[in-house]
Ligand SMILES: Nc1ncnc2c1ncn2[C@@H]1O[C@H](COP(=O)(O)OP(=O)(O)O)[C@@H](O)[C@H]1O
Ligand SMILES: [Mg+2]
């Protein structure tokens, strides 16, 4: 066990960095899907937008001002995008998930194409801000400081989201809406307001995650699909509409993705989807979901 | 004085199939109407349609003379509260969270006064609704409705599957509401409960009200009850 950990510590730490990043992306997707039954495939496009904001504002030569500015700009764009997506999908609320998927997939394609037109299709890099751009020795190997910082920021955000959703009245309203939104309306609360707020907050997190992930993933066409698929796997594994599920699912998938790549490079996608299939067979509602994915 | 609730020729249903077929109904302030009828008659659909949770296809509903809004949150704000069939609590939320979310308006009902009326909930404040007994869950569903400080309460089979002591508490709540002038529409299978707390009985069949009588008159006419409900 000790030897295994020595040999794979870098992979495990990477897994945590990816896991926390995935949590930030997936929690909004999970809440919107769990709450409103809206399958928002444009969630990856929000991440991609954040990544390109990072590339455009921060670029390869990062400053703290640039990095924080990019985070703020991405947050603003994410908020606006979330409000827009909520309005776009509202008329499809009682329609099938296929209709919602087609609409939001269309939005994704438009956004991705506009980004290619603006920035070309070569991958762009995003630097880590000064002080976080070096590396530290971890068991004799050099490990990028930024990834450790990302784990810290991700953990803080995870705690903040968790406290907000699990311990406040606003969060109770969100959980009630996930459980039975008609009964939330029956006590006089407008579902649409809850929905647009959660949509906006979740989209903001996804877009800022694009900036935060910049120093690891950069900005490139196709990144939206990669992230969306990982986030969907997290949501399915963790269970719809559960913050706890999104956190555990994201950390698990982060490890599976990272260790899968380092231990079984050829089989990595099979490991990822194999674990998804395993959860679906053993616990179709996800690890923490109250409701079946099959129903949704 | 006009009735607090006036329902005229109300029709509603689900994707293609019409369930309510012209319901007419009046409810006076402080009155209690027991709504009986066989399974599938449309009683729950009527409750959900009044609440705005099933869209009406035609007809009118007035509360205190004003048309009732269509969206459910506006119906609730206009003063209608529902204790739905099957209770429909929010299982992961604690009792206290249910009470805090539901509280609105400046009437008599606050989390404190509701807990005075339903003391069995007080001890379970920090339990998730999923961990409560059936009786406690029904108390919580009733508490949630009261906390909106409603002018009209719709109760759909509240005694379903509950012990006699819990049914007594439900009866007490209905009588207390009526005493305060809040009318109650009580859908029930338990005739004894309906007879105890309602001054009138209506029977629904295939989406319309086919019979309506004062409770005493209804009880004095077992032949009609038997014909409409298939019970003695
Ligand atoms: N959500 C629904 N979708 C489609 N049909 C429904 C739904 N709920 C009830 N129905 C149908 O509407 C009719 C009336 O049901 P309901 O109002 O629940 O009757 P009751 O409460 O009197 O037993 C039944 O035929 C039932 O099958
Ligand atoms: Mg019913």
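Protein chains in written order, with the numbering used here: chain A, 424 to 719; chain B, 20 to 251. Note that beta-carbon positions come from the ideal geometry of N, C-alpha and C, so glycine has one too.
Could you check whether the Cβ of residue 38/B sits closer than 6 Å to any heavy atom belonging to ligand 1? yes
Straight-line gap, residue 120/B to residue 240/B (C-alpha atoms, nearest Å): 45 Å
Backbone CA spacing between residue 709/A and residue 448/A [nearest angstrom]: 18 Å
Taking only three categories from DSSP, how would you classify residue 187/B? helix
Assuming the contact rule is C-beta atoms closer than 8 Å, residue 213/B and residue 55/B should be a hit. Round their C-beta distance to whole Å, please. 7 Å
Indicate whether the contact test is met: 3 or more Cβ pairs, each with one atom in the region 96-103 of chain B and one in the region 590-597 of chain A, closer than 8 Å. no
Using C-beta distances below 6 Å, list every residue in its chain close to residue 691/A, excluding the 5 sequence neighbours before and after it, in chain order. 683 and 684
Between residue 719/A and chain B, is there a C-beta pair that is closer than 7 Å? The predicted model places residue 719/A with a pLDDT of 30, which falls under 50 and marks its position as unreliable, so this point remains unresolved.
Is residue 63/B close to ligand 2? I mean its beta-carbon at under 6 Å from any heavy atom of the ligand. yes
Helix, strand or coil: which one does DSSP assign to residue 111/B? coil
Mind checking which residues open and close the beta strand (DSSP E) that includes residue 684/A? Counting along the chain, residue 684/A falls outside any beta strand (DSSP E), though it belongs to the alpha helix (DSSP H) covering 666-686.
Let me see if you follow: with CB-CB separation under 7 Å, is residue 155/B close to chain A or not? no
Using a Cβ-Cβ cut-off of 7 Å, state whether residue 121/B counts as contacting chain A. yes
Option in 196/B, 191/B, 186/B and 146/B with minimal Cα separation from residue 165/B: 196/B
By the 10 Å Cβ neighbour count, where 16 or more other Cβ atoms means buried, how is residue 183/B classified, buried or exposed? exposed
Check whether chain B comes within 7 Å of residue 582/A, counting only Cβ atoms and requiring the distance to be less than that. no
Identify each residue in the region 580-607 of chain A for which the Cβ-Cβ distance to at least one residue of chain B is less than 7 Å, and report them in chain order. 592, 595, 596, 598, 599, 602, 603, 605 and 606
Kindly say whether residue 609/A, judged by its beta-carbon, lies nearer than 7 Å to any beta-carbon of chain B. yes
C-beta neighbour in chain A for residue 96/B, strict 7 Å: yes
Is the closest heavy atom of ligand 1 to the C-beta of residue 168/B under 6 Å? no
Using a Cβ-based criterion (distance less than 6 Å to any ligand heavy atom), does residue 208/B qualify as near ligand 2? no
Neighbourhood of residue 482/A by C-beta, 6 Å cutoff - its chain only, sequence neighbours within 5 removed: none
Taking only the alpha-carbon atoms, compute the straight-line gap between residue 186/B and residue 178/B and give it to the nearest angstrom. 6 Å
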